[in-house]
Amino acid sequence: MQEVIRDIFYGLIADFAWIPFTQTLAYNLSIVSENTLHFFVDDPAQPQVGCVGFERRKAGLRMLCVSGECLREEKITDRKKYAEFYRAIRELDFDIFELNFNTAYSADAEIALRTGGWLRPVGLFSTALSKVIPTKEPLRLDRSWKHNLKKAHENGLCFKVADPMDESHIQDYVRFHREMLQRKGFNEGLTESNLSALSKDPHFKMGLVTDSNGLFLAGHIFYVHPLAASSLYAFTSPEGRNAGAANFLYESMLSYLAQNDISTFDVGRISPSTHQKNNIFLFKDGMGGEYVTYLGEWEYCRKSWMSILLYFAKKHIWKRVRV
Numbered sequence: 003m004q005e006v007i008r009d010i011f012y013g014l015i016a017d018f019a020w021i022p023f024t025q026t027l028a029y030n031l032s033i034v035s036e037n038t039l040h041f042f043v044d045d046p047a048q049p050q051v052g053c054v055g056f057e058r059r060k061a062g063l064r065m066l067c068v069s070g071e072c073l074r075e076e077k078i079t080d081r082k083k084y085a086e087f088y089r090a091i092r093e094l095d096f097d098i099f100e101l102n103f104n105t106a107y108s109a110d111a112e113i114a115l116r117t118g119g120w121l122r123p124v125g126l127f128s129t130a131l132s133k134v135i136p137t138k139e140p141l142r143l144d145r146s147w148k149h150n151l152k153k154a155h156e157n158g159l160c161f162k163v164a165d166p167m168d169e170s171h172i173q174d175y176v177r178f179h180r181e182m183l184q185r186k187g188f189n190e191g192l193t194e195s196n197l198s199a200l201s202k203d204p205h206f207k208m209g210l211v212t213d214s215n216g217l218f219l220a221g222h223i224f225y226v227h228p229l230a231a232s233s234l235y236a237f238t239s240p241e242g243r244n245a246g247a248a249n250f251l252y253e254s255m256l257s258y259l260a261q262n263d264i265s266t267f268d269v270g271r272i273s274p275s276t277h278q279k280n281n282i283f284l285f286k287d288g289m290g291g292e293y294v295t296y297l298g299e300w301e302y303c304r305k306s307w308m309s310i311l312l313y314f315a316k317k318h319i320w321k322r323v324r325v
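Counting from 3, one number per residue, gives the positions in the sequence shown under my numbering.
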């Protein structure tokens, strides 16, 4: 394993089959500053796996956080090399290491990680469940979806992709997204600087639904590379909910992806639960597709008490919700 500079890293992985949005430079710069980033590949001469992570410093401890990974092949083809790469990662000069994969689960990957010294964390704070929808097949819709799509078409809604995203699109999107979060009592935030960073990468798109007067009713930020798309952020206004805008947005977005030869769409992490976020699960559950499981969260700590400390910080200081 070798740490490399940013431009070399993205040059080496340019033709990889699997590059999730969490591994793009634009996404990382939307959440952290560039001077915290670290770039790793297994072998610069013949790279098979790589990842970008960011550094955190808390209570005198250094932590490396890695969200996702980049793979030359979509599935693990060499368990030994994969294990060696992540074993070398945890030998770096950090106190705590955190991995959170949106790679599809495989037994080979789990075996490699465990034999490399990685364990599941004390508590999980992100679901490993998602759903992948084929864009070129008819949607398998439940009754609620069919009802709302009929309502959307009767209301004459319009769909467009703001490509590129301009400043006015970003400002409007953030305002509507923030209003939705406040209305639902969610803690997640989205700022204009977040979207401005994403707008610099053409793989990130903004889909918008408007009424006949041009009023924004729903929006979606999604990532496309190269044959698959993934969901990032979405909003629906109260007027949009009454007009079936969220359903129309997904239908239109899937059609757009199919027309651009993007074969699948990952709807993002889903959390079936007893709290309000279960409504998001019910919405996504009604639109067909196949459920998938991510490789999910892994952790390595220099001292065992650090794992307990990290759990306490996530739950009680950062106010994350266990899943």
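Idealized CB from N, CA, C, for every residue including glycine. Only a predicted model underlies this, so the values are computations on that prediction, with no experimental measurement involved.
Under the DSSP definition of a beta bridge, R59 partners with R64.
Cβ atoms of A164 and M208 come within 8 Å of each other, at about 4 Å. Between the alpha carbons of A154 and M255 lies a gap of roughly 14 Å.
By the criterion of a C-beta distance shorter than 6 Å, F206 is surrounded in its chain by L200 and Y225, once the five residues flanking it on both sides are discounted.
Nearest in C-alpha terms to R74, of all of N30, W20, G55 and N104, is W20. For the pair of segments examined, the stretch 80 to 89 was found to touch the stretch 108 to 115: the number of CB pairs separated by less than 8 Å reaches three.
Per DSSP, Y235 is not a residue of any alpha helix (DSSP H); the beta strand (DSSP E) it occupies stretches across A230 to T238. CA-CA distance, N157 to F218, rounds to 14 Å. DSSP, read as helix, strand or coil, puts N30 in helix. For L141, the closest alpha carbon among the candidates K321, E292 and W320 is that of E292. Remark: C-beta atoms of F103 and L251 do not approach each other more closely than 8 Å. For M308, the enclosing alpha helix (DSSP H) covers residues S306 to F314.
If the five residues before and after P166 are omitted, its C-beta is found closer than 8 Å to the C-beta atoms of S201 and P204, all from its own chain and listed in chain order.
If one requires a minimum length of 3 residues, the beta strand (DSSP E) runs lying completely within the stretch 105 to 151 are 131 to 136, in chain order. Under the Cβ criterion (8 Å, minimum of three pairs), the stretch 121 to 131 counts as touching the stretch 307 to 314.
Uninterrupted alpha helix (DSSP H) stretches at least 4 residues long and entirely within the stretch 63 to 97 occur at 81 to 91, given in chain order. Where V176 is concerned, the enclosing alpha helix (DSSP H) starts and stops at E169 to K186. No Cβ-Cβ contact shorter than 8 Å links P46 with L66.
Bounds of the alpha helix (DSSP H) holding M255 are A247 to Q261.
Straight across, the Cα-Cα distance linking K279 with S195 is about 26 Å.
When the five nearest sequence neighbours on each side are left out, the beta carbons in the same chain lying within less than 8 Å of the beta carbon of W147 are those of L141, N249, G288 and M289, in order along the chain. Classified as buried, P49 has 16 or more neighbouring CB atoms from the shown chains inside 10 Å of its CB.
I10: member of the alpha helix (DSSP H) spanning R8 to L14, first to last residue. The shortest C-alpha to C-alpha distance from V68 to any of D80, I91, T79 and K83 is the one to I91.
G242 carries a helical assignment under DSSP once its states are collapsed to helix, strand and coil. By the Cβ neighbour-count rule, F314 is exposed, with fewer than 16 other Cβ atoms within 10 Å of its own. Inter-residue distance for S239 and I264 is about 28 Å (C-alpha atoms, whole angstroms). Boundaries of the alpha helix (DSSP H) harbouring K286: N280 to D287, taken from the DSSP string.
In this structure, the beta-carbon distance from D44 to K82 does not fall below 8 Å.
Cα atoms of S273 and L151: separation of roughly 24 Å, rounded to the nearest angstrom.
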